[in-house]
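*Asks:* Below is the structure I would like to discuss, written out as structure tokens.
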Amino acid sequence: MRRILSDRRKMEMKKYDVTALGELLIDFTENGISAQGNPLFEANPGGAPCNVLAMLAKLGYRTAFIGKVGRDCFGDQLRTAIMEAGICSEYLMTDEEVHTTLAVVHTFPDGDRDFSFYRDPGADMMLREDEISEDLIRDSKIFHFGTLSMTHEGVRAATKKAVRIAEEAGCILSFDPNLRPPLWNSLEEAKEQVLWGLEHCHILKISDNEITWLTGKEDYTEGVEWIGSRYHIPLILVSMGKEGSRAYYKGHIVEAAPFLRADTIETTGAGDTFCGCILAGILEKGINGLTEQNLSEMLTFANAAASVVTTRRGALKVMPSRVEIEKTIDR
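What follows is the structure in structure tokens.
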């Protein structure tokens, strides 16, 4: 269960603003057609937790990542990518036998996506409990996690150990279900682990389709009420794609419009960009005593950042700067 957060003074003394645990992988995203008429795919560094950290690092926050890649060219590419993004790579492990996880992303004309994963097994699944750094997590203000690191028994145990350490250390816990049905043995198993995550977070970032899947509610507010009545999460963010986003906080509901763009290429990483900006707002303002204006500003900033990243391929390496985000808001 969630523990009482450390006081603000203790939080300020911590070395890292945000530490995340989970998948780091290659997203093969479509980038044109060959002379023979075949689709061309670009090998972009990705993985939701590291995308979140990349956005935070771009905004000047101190971040660290816990995960595992293979000893192969893709693993080397990913390690270099997060270092270049300003994310601490000291806790990125290397598996000597299992290859780096790969995902092929197909984007449909309406902007929706389909993922094909090459992860049976993949190196991200091989993270072990004994590879979790207790000192790192204790020295972090926010600990962020998702469910791709809970699809299999070994990495699930590692994730839950990390969450327990974060709770004991008084970290703010941030959770993004990031549901990917093909990676689960069953959706019932997925739901069980998502519910565990809800029980152990202070901040929940969840998408519109995930709310409907989890709660059976078509109305997002009803879905959030279903979650809130059971898990009492202080701050719930709902990303609604082309409909914008909402924040639910202590009985208040705040909604912000999207920044729709004609030059959008694809939406991979948009939700992670949004999440990173929300965590930046929490680092700036704290999680207690947020006003509706605070929440509106946070959502607007996060929506603007997400819109910028949809115009680029490979979110981890192309996160927008604060200036770019503010220019988007001012248009």
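So the number in our numbering is just where the residue sits in the sequence shown, counting from 1, plus 490.
Glycine included, each C-beta is placed from N, C-alpha and C at the ideal position.
Small disclaimer: the values here were computed from a predicted structure and weren't measured.
For a quick check, are the C-beta atoms of residue 724 and residue 710 less than 8 Å apart?
*Replies:* Not closer than 8 Å, so no.
*Asks:* So what's residue 749 in DSSP terms, helix, strand or just coil?
*Replies:* Residue 749 falls in the coil class under three-state DSSP.
*Asks:* Compare the beta carbon distance of residue 712 and residue 690 with 8 Å and say whether it is the shorter of the two.
*Replies:* Result no, Cβ atoms of residue 712 and residue 690 do not sit closer than 8 Å.
*Asks:* What residue from 501, 513 and 820 has the CA that sits closest to residue 628's CA?
*Replies:* Among 501, 513 and 820, the Cα nearest to that of residue 628 belongs to 501.
*Asks:* Tell me, to the nearest whole angstrom, how far the beta carbon of residue 639 is from that of residue 513; I am working on the premise that it is less than 8 Å.
*Replies:* Indeed, because the Cβ distance is near 6 Å, the residues count as touching under 8 Å.
*Asks:* Report yes if the CB atom of residue 828 is closer than 8 Å to the CB atom of residue 588, and no otherwise.
*Replies:* No answer is possible for residue 828: the residues shown for the chain start at 491 and end at 821.
*Asks:* Residue 541 and residue 759 - do their beta-carbons sit closer together than 8 Å?
*Replies:* Their beta carbons are under 8 Å apart, which means residue 759 touches residue 541 by this criterion.
*Asks:* Unbroken beta strand (DSSP E) runs of length 3 or more, entirely within the segment 568–601: which are they?
*Replies:* With a minimum length of 3 residues, the continuous beta strand (DSSP E) runs that stay inside the segment 568–601 are 582–585 and 592–597.
*Asks:* Under the rule that 16 or more other beta-carbon atoms within 10 Å means buried, what is residue 525, buried or exposed?
*Replies:* By the 10 Å Cβ count, residue 525 comes out exposed.
*Asks:* Give the single residue among 518, 671, 796 and 720 whose Cα lies nearest to the Cα of residue 729.
*Replies:* Out of 518, 671, 796 and 720, 796 has the C-alpha closest to the C-alpha of residue 729.
*Asks:* Which complete alpha helix (DSSP H) runs does the segment 724–778 hold, if anything under 4 residues is left out?
*Replies:* Taking only runs of at least 4 residues, the alpha helix (DSSP H) segments lying wholly in the segment 724–778 are 760–775.
*Asks:* Determine the extent of the alpha helix (DSSP H) in which residue 506 is found, giving its start and end residues.
*Replies:* No alpha helix (DSSP H) holds residue 506; the beta strand (DSSP E) holding it covers 506–511.
*Asks:* May I ask which residues mark the beginning and end of the alpha helix (DSSP H) holding residue 649?
*Replies:* Segment 643–658, the alpha helix (DSSP H) holding residue 649.
*Asks:* Counting Cβ pairs closer than 8 Å, one from the segment 802–810 and one from the segment 529–540, do we hit at least three?
*Replies:* Short answer: they touch.
*Asks:* Can you name the start and end residues of the alpha helix (DSSP H) that residue 621 belongs to?
*Replies:* Element bounds for residue 621: n/a, residue is neither H nor E.
*Asks:* For residue 808, does the three-state DSSP call read helix, strand or coil?
*Replies:* Reduced to three states, the DSSP call for residue 808 is coil.
*Asks:* Applying the criterion that 16 or more other CB atoms from any shown protein chain within 10 Å of the CB defines a buried residue, is residue 517 buried or exposed?
*Replies:* Buried, since its Cβ has 16 or more Cβ neighbours within 10 Å.
*Asks:* My understanding is that residue 692 touches residue 777, with C-beta atoms under 8 Å, so please give their C-beta distance in whole angstroms.
*Replies:* That pair is a contact at about 6 Å.
*Asks:* Between the C-alpha atoms of residue 746 and residue 782, what's the straight-line distance to the nearest angstrom?
*Replies:* Residue 746 and residue 782: Cα-Cα distance of roughly 11 Å.
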